[in-house]
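Number of protein chains: 2
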Amino acid sequence: MNDLEEKNELDTRYEVLKIALQEQNLSDFRENFLELHIYEQGQFYESLTEKERAQMYSYLSPKELADMFDSLEEDEDALKEYLEEMRPSYAAAMLSAMYTDNAVDLLNLLGKKDTAKYLSLMSPEAAAEIKELLHYEDETAGAIMTTEYVSILANQSVGSAMRYLKKEAAVAETIYYIYVVNDQNQLVGVISLRDLIVNEDETFISEIMSERVISVHVGDDQFDVAQTFRDYDFLALPVTDYEDHLLGIVTVDDIIDVIDEEATSDYSGLAGVNVEEVSESPLKASTRRLPWLITLLFLGMATATLIAKYEVLVSEASILAVFISLITGTAGNAGTQSLAVAVRRLAISDDKEKSFIRVLISEILTGLITGAVTGITIFGIVAVWKGNPILGFVIGMAMMAAITVANLAGSLIPMLMDRLGFDPAVASGPFITTLSDLTSVLIYFNIAALFMSHFQ
Amino acid sequence: MNDLEEKNELDTRYEVLKIALQEQNLSDFRENFLELHIYEQGQFYESLTEKERAQMYSYLSPKELADMFDSLEEDEDALKEYLEEMRPSYAAAMLSAMYTDNAVDLLNLLGKKDTAKYLSLMSPEAAAEIKELLHYEDETAGAIMTTEYVSILANQSVGSAMRYLKKEAAVAETIYYIYVVNDQNQLVGVISLRDLIVNEDETFISEIMSERVISVHVGDDQFDVAQTFRDYDFLALPVTDYEDHLLGIVTVDDIIDVIDEEATSDYSGLAGVNVEEVSESPLKASTRRLPWLITLLFLGMATATLIAKYEVLVSEASILAVFISLITGTAGNAGTQSLAVAVRRLAISDDKEKSFIRVLISEILTGLITGAVTGITIFGIVAVWKGNPILGFVIGMAMMAAITVANLAGSLIPMLMDRLGFDPAVASGPFITTLSDLTSVLIYFNIAALFMSHFQ
Chain V
1 MNDLEEKNEL DTRYEVLKIA LQEQNLSDFR ENFLELHIYE QGQFYESLTE KERAQMYSYL
61 SPKELADMFD SLEEDEDALK EYLEEMRPSY AAAMLSAMYT DNAVDLLNLL GKKDTAKYLS
121 LMSPEAAAEI KELLHYEDET AGAIMTTEYV SILANQSVGS AMRYLKKEAA VAETIYYIYV
181 VNDQNQLVGV ISLRDLIVNE DETFISEIMS ERVISVHVGD DQFDVAQTFR DYDFLALPVT
241 DYEDHLLGIV TVDDIIDVID EEATSDYSGL AGVNVEEVSE SPLKASTRRL PWLITLLFLG
301 MATATLIAKY EVLVSEASIL AVFISLITGT AGNAGTQSLA VAVRRLAISD DKEKSFIRVL
361 ISEILTGLIT GAVTGITIFG IVAVWKGNPI LGFVIGMAMM AAITVANLAG SLIPMLMDRL
421 GFDPAVASGP FITTLSDLTS VLIYFNIAAL FMSHFQ
Chain L
1 MNDLEEKNEL DTRYEVLKIA LQEQNLSDFR ENFLELHIYE QGQFYESLTE KERAQMYSYL
61 SPKELADMFD SLEEDEDALK EYLEEMRPSY AAAMLSAMYT DNAVDLLNLL GKKDTAKYLS
121 LMSPEAAAEI KELLHYEDET AGAIMTTEYV SILANQSVGS AMRYLKKEAA VAETIYYIYV
181 VNDQNQLVGV ISLRDLIVNE DETFISEIMS ERVISVHVGD DQFDVAQTFR DYDFLALPVT
241 DYEDHLLGIV TVDDIIDVID EEATSDYSGL AGVNVEEVSE SPLKASTRRL PWLITLLFLG
301 MATATLIAKY EVLVSEASIL AVFISLITGT AGNAGTQSLA VAVRRLAISD DKEKSFIRVL
361 ISEILTGLIT GAVTGITIFG IVAVWKGNPI LGFVIGMAMM AAITVANLAG SLIPMLMDRL
421 GFDPAVASGP FITTLSDLTS VLIYFNIAAL FMSHFQ
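Protein sequence lines, in the order shown, are assigned to chains V and L. Residue numbers for the first sequence follow UniProt numbering, beginning at 1 and rising by one. Residue numbers for the second sequence follow UniProt numbering, beginning at 1 and rising by one.
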């Protein structure tokens, strides 16, 4: 099948399901629906009307719906709506049947009151598991971990571990790593299912387990957890508290979401707009973009005020006005490049302290080199175009200085923000360019004032 | 252990290894080295001198080194150097022992001559496997897939499949999905190791396998493959040709690299600089940044030429010069926001054709709203600051028009590039802002010329 055929085949399946709903054919619906992958179930579900969804709730068990809900990646409002339209006891049963980390993500969208309502409708065990995860801070390992892991004791044999695994396989989020704990539930080893399979039933776990377990702490930043996944290529990582007690696991599918989030946030920072929600009304999009635009407008006013101080200079030599936007624009471009490299470097560097001075010197040198080349180029252009080498010299010098300063700002500001504990990606591109406008104008008019008498 | 203790513990291990190398203590070295995770082995290896590395090659078998090389993520030059310093027969043996996809990645760094040399030193089977993957186009499923998967026939029992798996576990890249093929090696089903484990030994594979296999085609773009991983949360996906023959699998660890690459490319595009290599000399960094800067400088010259045409206007009312950078800057910021959202939307949208007009209208409306709010704000400021409401009106109108046009350009250009088959991320931020400078100046001076007689 090619992609198109596959898409058509899937559309046909969705059609068949819709007809089954319309004809109230429960068995047809169930048979065809449960054949779909949970992601496809979710795609179908999202395409339904409220009435059709209500019908689905009566056709599927809370557990069956829970599997699908585990894979839903809708926006907050839609997810809230779905939960609210279910009978509370049905919703609570579904939440209990979901993987705990996903159930917690859903409950975090609701108010405290609704969360309490659903918890009260669950079995005490399910409610306790969820409550345990509810209080972890956002964006930490604790917030993305799940408690559905498999753990065993070291004095078991491979055979008994396999029998235990068979029992747990239905509820665990992953069975491909088995964590070995002592009787205080402290993590002492790890063994992969691959290792279990290639060893004889009689072998003891303690003989074949790896005692050097790579783990993360419950309070670790989720981006650091993602980096550990990138480095070690694991499918799951155990999460412990500060006394090595095993609390849960983070799985690679959740990490892919974290990596996407990380990329989106860096990207949003560079653009000065949160790009997370891309399909919204112009009014909503405007309210999202205006705060930055207006803030930058006021910052830009500083540049305008500065130029106003040189109005006399401009009125004497209006040719100066011609090159304002060229100098501010080029310096802004250089600053953006420098910023992007700095933010990226901070994201992947392990040893930030050591490299601070080195990076700074490197950026100044890069600024001087790019500035000199660009400056000489514009000197040539202006000298020929306007037949005025002195004016060319002024523009070229200003260009070089402005680019060097912009490069410095582009790399210095994110590094300072990082040192002060802020996310360096917040030092956005527009902020750097607007700031660099200010310094560029200052440099430009001061150099121009110096040589004023020579080029007129 | 906390993070710091873990880091210190690892440093101690690296120290012990270095001493073992210095003391030429083979058995100590091997024991301690093989205890490390392959990622850590790689970190240690990268910290060595050429002489120490040469010693390592004599202490480790090609297979042991291959495991470590599978996880190396160094830059091209370093990897080439490593290969070249090994004896050719040792390097060839190591390449044969690596996962085929990684070996191919390495060979792609070398010239044709070197590749042929290593292939000639391998066993015919290993060379054939590698050759098969060498000719797939960059950035396709074929280029990132590996051939170390496990496949079985449908008429086997769970027990016999498990026995086969035990044998294959040592060489397969993943054993957590087993692919079911017919006697023409066409993909007919899939079963997870989890399913094998929970079913009885006597059950036939055909009874429990899933016949709806999600697969990708060998020529599919790697970013599309990554999207399928995101949607379906798989650990691996089978790759087929256009007649459903199973050719290989793509595993989730390779997909994480693809997702990082995707994010870096979008981010680089927005900044107008390739941020992939972050630790390079100022000279190298400059040669990377200058092409864009100089290109944009020439584009910026168009704006300067345009302003030059209005020099008479500026010399009559030098106050106009004060607001040039404010208008170009703000419009540039708006254009960058719009660009970022458009590129993101194109990256995640499934149905690009349908939404083209809708997005365009939405962006124009967003431009008008943000433009109106920003325009009214600047009107108020200028009217009060300069005591000149007519000038304020000119600046406000120009601001609104410039922002709307910049928004339009920011969303239109990436969409057009996408339609023409280019990567929309190449429509970089600096390009959009420089272009928007041009239109902003045009708009500004034309409006100013209209009202010239009124505000002086």
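The C-beta atom is built at its ideal place from N, Cα and C for all residues, glycine as well.
Run down chain V in chain order and give the residues with a C-beta less than 8 Å from the C-beta of residue 301/L. Near residue 301/L (Cβ distances below 8 Å), the residues of chain V are 326 and 381.
Exercise. Between which two residues does the alpha helix (DSSP H) containing residue 119/V stretch?
Worked result: Its alpha helix (DSSP H) spans residues 112-121.
Is the distance from the Cβ of residue 129/V to the Cβ of residue 100/V below 7 Å?
Going by beta carbons, residue 129/V and residue 100/V fall inside the 7 Å limit.
**OP:** Examine the Cβ distances between the segment 228-243 of chain V and the segment 168-177 of chain V and report whether three or more of them are shorter than 8 Å.
**Re:** In short, these stretches touch, since the Cβ pair count reaches three.
Checklist entry - Using Cβ-Cβ distances below 8 Å, what residues of the UniProt domain "CBS" (145-207) of chain L are close to chain V? => result The UniProt domain "CBS" (145-207) of chain L vs chain V, Cβ under 8 Å: 162, 165, 166, 169, 170, 175, 176, 193, 194, 197 and 198.
Self-check item: Other residues of its chain near residue 321/L: CB distance less than 7 Å, five sequence neighbours each side excluded
Solution: Answer for residue 321/L: 314, listed in chain order.
query = Is residue 103/V close to chain L, meaning its C-beta is less than 7 Å from at least one C-beta of that chain?
reply = Closer than 7 Å to the CB of residue 103/V there is not a single CB belonging to chain L.
task: Go to residue 128/L, then tell me how far its alpha helix (DSSP H) extends in each direction, as first and last residue.
output: Per DSSP, the unbroken alpha helix (DSSP H) holding residue 128/L starts and ends at 124-134.
Residue range of the beta strand (DSSP E) that includes residue 249/V
Annotation for residue 249/V: the continuous beta strand (DSSP E) segment containing it runs 246-251.
- prompt: CB-CB under 7 Å to residue 429/V, same chain, minus the five flanking residues each way: which ones, in chain order?
  reply: Closer than 7 Å at Cβ, skipping near neighbours: 270, 271, 272, 336 and 339.
**Message:** Does the CB of residue 10/L have a neighbour CB from chain V at under 7 Å?
**Reply:** By the rule that beta-carbons nearer than 7 Å mark a contact, residue 10/L does not touch chain V.
Open item on the list: Assess contact between the segment 395-408 of chain L and the segment 430-443 of chain L, defined as three or more Cβ pairs (one per stretch) separated by less than 8 Å. Is contact present?
Closed with: A contact is defined here as three or more CB-CB pairs under 8 Å, and the segment 395-408 of chain L meets this definition with respect to the segment 430-443 of chain L.
| query | Taking C-beta to C-beta, are residue 172/V and residue 150/V nearer than 7 Å? | reply | Taking 7 Å as the cut-off, the Cβ atoms of residue 172/V and residue 150/V count as close.
*As assigned by DSSP and simplified to three states, the class of residue 342/L*: Residue 342/L falls in the helix class under three-state DSSP.
- request: Could you list the residues in the segment 281-294 of chain L with a C-beta less than 8 Å from some C-beta on chain V, going in chain order?
  value: Going along the segment 281-294 of chain L in chain order, one finds 281, 282, 283, 285, 286, 289, 290, 292, 293 and 294 with a Cβ nearer than 8 Å to chain V.
I want to verify the contact list: residues of chain V whose CB lies under 8 Å from the CB of residue 267/L, in sequence order.
Going along chain V in sequence order, the residues near residue 267/L (Cβ under 8 Å) are 263, 266, 267, 270, 340 and 344.
* To do: At 7 Å on the CB atoms, spell out the chain L contacts of residue 430/V, in chain order.
  => Per Cβ cutoff of 7 Å: 333 and 336.
Check your understanding: What does residue 378/L reach in chain V if we use C-beta pairs closer than 7 Å?
Key -> Those are 297, listed as they occur along chain V.
Practice prompt. Select from the segment 56-77 of chain L all residues with a C-beta closer than 8 Å to any C-beta belonging to chain V, and list them in chain order.
Written response: Residues 71.
inquiry  = Does any residue of chain V have a CB that is nearer than 7 Å to the CB of residue 99/L?
reply    = Not flagged as an interface residue toward chain V: residue 99/L, since no C-beta distance is shorter than 7 Å.
* Have a look at residue 9/L and residue 32/L and give me their C-alpha separation to the nearest angstrom. => If you draw a straight line from the Cα of residue 9/L to the Cα of residue 32/L, it is about 13 Å long.
Assuming contact is defined by CB atoms lying nearer than 7 Å, are residue 391/L and residue 384/L in contact in what I supplied? Taking 7 Å as the Cβ cut-off, residue 391/L and residue 384/L do not qualify as a contacting pair.
- Buried or exposed: which applies to residue 194/V, given that a residue is buried once 16 or more other Cβ atoms fall within 10 Å of its Cβ? Flag for residue 194/V reads buried.
Quiz item: Which residues, in order along the segment 221-246 of chain V, keep a beta-carbon less than 8 Å from a beta-carbon of chain L?
Solution: Near chain L, meaning a CB-to-CB distance below 8 Å, the residues of the segment 221-246 of chain V are 229, 230, 231, 232, 233, 235, 242 and 244.
Problem - Among 288/L, 80/L, 21/L and 245/L, the one whose alpha carbon lies nearest that of residue 56/L - result: For residue 56/L, the closest of 288/L, 80/L, 21/L and 245/L by C-alpha to C-alpha distance is 21/L.
>> Taking the straight line between their C-alpha atoms, what separation do you get for residue 1/L and residue 50/V?
In response: The predicted position of residue 1/L is uncertain, since its pLDDT is 49 and thus under 50; no value can be drawn from it.
Item checked: Under the three-state DSSP convention, the category residue 221/L falls into -> Looking at residue 221/L - three-state DSSP - the assignment turns out to be strand.
Item to complete: Examine chain V for any beta-carbon lying closer than 7 Å to the beta-carbon of residue 307/L, and answer yes or no.
Response: Taking Cβ atoms only, chain V reaches closer than 7 Å to residue 307/L, which makes this a yes.
Of the listed residues 371/L, 154/L, 417/L and 412/L, nearest to residue 397/L (C-alpha basis):
Selected option, being the one with the closest Cα: 371/L.
Indicate whether residue 124/V and residue 97/V have their beta-carbon atoms separated by less than 7 Å.
-> For the pair residue 124/V and residue 97/V, the CB atoms are not nearer than the 7 Å cut-off.
Original post:
Who are the Cβ neighbours of residue 161/V in its own chain at under 7 Å, not counting the five residues just before and after it?
Top reply: For residue 161/V, where only same-chain residues beyond five positions count, the Cβ hits under 7 Å are 152, 178, 196 and 205.
Going by C-alpha to C-alpha distance, which of 243/L, 25/L, 226/L and 346/L sits closest to residue 186/L? Of the listed residues, the one whose Cα sits closest to residue 186/L is 243/L.
*Closest to residue 394/L by CA distance: which of 409/L, 375/L and 222/L is it?*
When each option's Cα is compared against that of residue 394/L, the closest is 375/L.
**OP:** Could you tell me if residue 298/L is buried or exposed, where buried requires 16 or more neighbouring beta carbons within 10 angstroms of its beta carbon?
**Re:** Exposed is the call here.
Taking the Cβ atom as the reference point for each residue, do residue 311/L and residue 318/V lie within a distance shorter than 7 Å? Yes, Cβ-Cβ distance for residue 311/L and residue 318/V is below 7 Å.
request  = For residue 217/V, count neighbouring Cβ atoms within 10 angstroms of its own Cβ and tell me buried if that reaches 16, exposed if not.
outcome  = By the 16-neighbour rule on beta-carbons within 10 angstroms, residue 217/V is buried.
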